[in-house]
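Beneath this line is the structure, given in structure tokens, with notes to follow.
Number of protein chains: 2
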Amino acid sequence: MRALVVEDEPRIAGDVAAALKAAGFVPEIVGNGEDAWFRGDTEDYTLIVLDLGLPRMDGLAVLKRWRAAGRQMPVLVLTARGAWAERVEGIDAGADDYLPKPFRMEELVARARALVRRSAGLGAAVIEVGRLVVDPRQMRVSVNGVAQTLSPLEYRLVAYLALHKGRVVSAHELIEQLYGEDDARDANALEALVMRLRRKLGTEVIETRRGFGYLVPERPA
Amino acid sequence: MRALVVEDEPRIAGDVAAALKAAGFVPEIVGNGEDAWFRGDTEDYTLIVLDLGLPRMDGLAVLKRWRAAGRQMPVLVLTARGAWAERVEGIDAGADDYLPKPFRMEELVARARALVRRSAGLGAAVIEVGRLVVDPRQMRVSVNGVAQTLSPLEYRLVAYLALHKGRVVSAHELIEQLYGEDDARDANALEALVMRLRRKLGTEVIETRRGFGYLVPERPA
DNA sequence: CAAACCTTGTCAGGATGCCGTCAGTGGAGG
DNA sequence: CCTCCACTGACGGCATCCTGACAAGGTTTG
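If you're matching them up, the sequences are chains A and B in order.
To convert, note that position 63 of the first sequence is 63 in my numbering; the numbers rise steadily by one, no gaps.
To convert, note that position 214 of the second sequence is 214 in my numbering; the numbers rise steadily by one, no gaps.
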């Protein structure tokens, strides 16, 4: 919950820092652009409040350099009242939000919270089993890091098995999952499918339990 | 690239829709809170512009219900001038940004672009993926540094795919985003469009996942 | 106001790859 | 050694996707 306050006017900087502190942040203050850039580039902050009028290096330049370097922390920009062109510039430079001066501290805190909340919402969207990784976004799976593109049926099969890793899934259940209940398929269709999958992913990914079904083992043998 | 404009004043709604359309969105308009809630809850929009003063159901209530239902699309809230308490409320209700009325269309468009970008987890003003660069401000794209002039539909297609880089987008979703919900198109129209794009940008920028859809890969093969 | 142009949907044909089926082989268990 | 289940390769029907051509509608240009 570290926050960086970039503001050259000591009184405002102090007020902002106090408000953030009251909201649960741990604020740090810098008063010029060069130091701001260095700190933002080398340290990790969950939020940065950036004033645009700065000595040594303009706030916009600082922001652009951060973004150019791939830094993605949320940045809340403070602009002068009515300078709407400046706001547009700021947003296009990579600001996540801006706040026109003068502002109420409550509003700043609310927007800071919103920014942090938003930047936090990311989860791991891949299924991982041993050396097997199933990526639903790309509809791809990879084994030992090498990616393979699968057909729809192949993908559904391995995805289902990966979801139920470590459990033996019967042929009956698999067929029901891959096709509907309505149009049943020959058991051999499933066998052929498994074989094509093994050819792409390697034999060890899908194990056979003779008489029971298939499974992907949690720990690869 | 679908956008929902929630505004009960027809003149403003029309202006906003026109501005968004010029920026590459496919805008749809609703004039009351109930319809707005329903549409936002059931359809997919890459952006929603929401006025707070609405008949049938207040804008804030609509927003809260969306968020309570787990909907996460970016929402830009329009507030009355100087009503800062309303802004704070709006942000706490889950708004991603707000714009005080009256506003300039240019500013609305700039913030709309910023919101969309941010929702895709991007910081910079241009969408960059591999050798492909999409510039929303100029509605131009370039590959390997050479700029290409695209038709409106072509631009919307690459822009949407670039926004969702690394994710397979189904033909159904693409058609829904490129045209409105109302006029559905043949799947072949999309295929023809993709082909024309590939002819301009090169075959490798848009990959086909047979049976799944299309995607622009994050790291070009 | 007409001509030229651009955009875009549609159609038809063709290429590609998916996938079920069949027939034959292999191996595990009794 | 026999039986049964699973594996494997080949084949072909069929769905998906690509591609070129054309026409309708809209827009720009002269």
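Where is the CB? At the ideal position from N, CA and C, for every residue including glycine.
Contacting residues, own chain, Cβ-Cβ under 6 angstroms from residue i (five flanking each side not counted)
{"i": "residue 105 (chain A)", "result": "19"}
{"i": "residue 29 (chain A)", "result": "5, 13, 17"}
{"i": "residue 126 (chain A)", "result": "133, 135"}
{"i": "residue 34 (chain B)", "result": "56, 57"}
{"i": "residue 217 (chain B)", "result": "207"}
{"i": "residue 7 (chain A)", "result": "13, 51"}
{"i": "residue 87 (chain B)", "result": "79, 98"}
{"i": "residue 159 (chain A)", "result": "134"}
{"i": "residue 23 (chain B)", "result": "109"}
{"i": "residue 139 (chain B)", "result": "24, 155"}
{"i": "residue 177 (chain A)", "result": "160"}
Extent of the continuous alpha helix (DSSP H) run through residue i
{"i": "residue 63 (chain B)", "result": "59-68"}
{"i": "residue 216 (chain B)", "result": "No alpha helix (DSSP H) contains residue 216 (chain B), which DSSP labels as neither H nor E."}
{"i": "residue 161 (chain A)", "result": "152-163"}
{"i": "residue 106 (chain B)", "result": "105-119"}
{"i": "residue 13 (chain A)", "result": "10-22"}
{"i": "residue 177 (chain B)", "result": "171-178"}
{"i": "residue 35 (chain B)", "result": "33-42"}
{"i": "residue 87 (chain B)", "result": "84-92"}
C-alpha gap between residue i and residue j, whole angstroms
{"i": "residue 31 (chain B)", "j": "residue 10 (chain B)", "result": "8 angstroms"}
{"i": "residue 172 (chain B)", "j": "residue 40 (chain A)", "result": "42 angstroms"}
{"i": "residue 156 (chain B)", "j": "residue 208 (chain A)", "result": "47 angstroms"}
{"i": "residue 211 (chain B)", "j": "residue 61 (chain B)", "result": "40 angstroms"}
{"i": "residue 195 (chain B)", "j": "residue 161 (chain B)", "result": "15 angstroms"}
{"i": "residue 102 (chain B)", "j": "residue 144 (chain A)", "result": "56 angstroms"}
{"i": "residue 124 (chain A)", "j": "residue 93 (chain A)", "result": "Low local confidence applies: a pLDDT of 46 at residue 124 (chain A) is under 50, so the model's placement there is unreliable, and no value is given."}
{"i": "residue 179 (chain A)", "j": "residue 63 (chain A)", "result": "52 angstroms"}
{"i": "residue 120 (chain B)", "j": "residue 25 (chain B)", "result": "16 angstroms"}
{"i": "residue 15 (chain A)", "j": "residue 65 (chain B)", "result": "34 angstroms"}
{"i": "residue 183 (chain B)", "j": "residue 137 (chain A)", "result": "27 angstroms"}
{"i": "residue 118 (chain B)", "j": "residue 91 (chain A)", "result": "10 angstroms"}
{"i": "residue 122 (chain B)", "j": "residue 128 (chain B)", "result": "9 angstroms"}
{"i": "residue 36 (chain B)", "j": "residue 54 (chain B)", "result": "10 angstroms"}
{"i": "residue 67 (chain A)", "j": "residue 38 (chain B)", "result": "37 angstroms"}
{"i": "residue 71 (chain A)", "j": "residue 185 (chain B)", "result": "41 angstroms"}
{"i": "residue 141 (chain A)", "j": "residue 84 (chain B)", "result": "49 angstroms"}
{"i": "residue 146 (chain B)", "j": "residue 146 (chain A)", "result": "32 angstroms"}
Close beta carbons around residue i, own chain, < 8 angstroms, minus the five adjacent residues each side
{"i": "residue 76 (chain A)", "result": "47, 48, 49, 50, 95, 96, 97, 98, 99, 108, 111, 112, 115"}
{"i": "residue 200 (chain A)", "result": "148, 150, 154"}
{"i": "residue 21 (chain A)", "result": "27"}
{"i": "residue 167 (chain B)", "result": "215"}
{"i": "residue 69 (chain B)", "result": "41"}
Bounding residues of the beta strand (DSSP E) (the contiguous stretch that carries residue i)
{"i": "residue 48 (chain A)", "result": "47-51"}
{"i": "residue 2 (chain B)", "result": "2-6"}
{"i": "residue 148 (chain A)", "result": "146-149"}
{"i": "residue 78 (chain B)", "result": "75-79"}
{"i": "residue 134 (chain A)", "result": "132-135"}
{"i": "residue 27 (chain A)", "result": "26-30"}
{"i": "residue 129 (chain B)", "result": "127-129"}
{"i": "residue 143 (chain A)", "result": "140-143"}
{"i": "residue 99 (chain A)", "result": "97-100"}
Residues near residue i by beta carbon distance below 7 angstroms, same chain, minus five either side
{"i": "residue 89 (chain B)", "result": "60"}
{"i": "residue 45 (chain A)", "result": "2, 3, 4, 73"}
{"i": "residue 202 (chain B)", "result": "143"}
{"i": "residue 43 (chain B)", "result": "181"}
{"i": "residue 193 (chain B)", "result": "153, 154, 157"}
{"i": "residue 187 (chain A)", "result": "171"}
{"i": "residue 197 (chain A)", "result": "154, 157, 158, 206"}
{"i": "residue 165 (chain A)", "result": "129, 216, 218"}
Rounded Cβ spacing between residue i and residue j (contact assumed at less than 8 angstroms)
{"i": "residue 130 (chain A)", "j": "residue 169 (chain A)", "result": "Not really, about 17 angstroms apart at Cβ, beyond 8 angstroms."}
{"i": "residue 190 (chain B)", "j": "residue 175 (chain B)", "result": "6 angstroms"}
>> At 3 residues or longer, what runs of the beta strand (DSSP E) sit wholly inside the region 184-209 of chain B?
In response: Listed in chain order, the beta strand (DSSP E) elements of length 3 or more contained wholly in the region 184-209 of chain B are 207-209.
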